[in-house]
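*Asks:* Quick note: the sequence shown uses full-length UniProt numbering, first residue 1, plus one each step. Just so you know, even glycine gets a beta-carbon here, dropped at the ideal spot from N, CA and C.
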Amino acid sequence: MTGKAITGGAPENPLGTHWIGFWTDGQNWVGFHGTPNPETVGKAVSHGCLRMYNRDIKELFQLVNLGTPVTVIQ
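(1) Please state whether DSSP places Thr24 in a helix, a strand or coil.
(2) Where does Ile20 land, buried or exposed, given buried means 16+ other C-beta within 10 angstroms?
(3) Quick test of your reading: Pro36 and Glu12, contact by CB under 8 Å. State the CB separation rounded to the nearest angstrom.
(4) Which of the three DSSP states, helix, strand or coil, is assigned to Leu63?
(5) Could you give the distance in angstroms between the alpha-carbon of Phe61 and the alpha-carbon of His18?
The following block contains the structure:
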């Protein structure tokens, strides 16, 4: 951690271009997000989030509204 704030959508943002949160316990958050590292998509490299290609999370972001139900199936 550098203490430097990274704006949403910045190329170096670890959440990629978009974030869609769907679960929290008040301290931790889990959601769908993009990534600046496309080679990590489909791999377990975070704390439960679902990484997507930036082009795909952008499309999903445009399709859902606040309150859209999310069901995660193992």
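*Replies:* Looking at the atomic coordinates:
(1) strand
(2) buried
(3) 6 Å
(4) Three-state result, Leu63: helix.
(5) Going by the C-alpha atoms only, they are around 7 Å apart.
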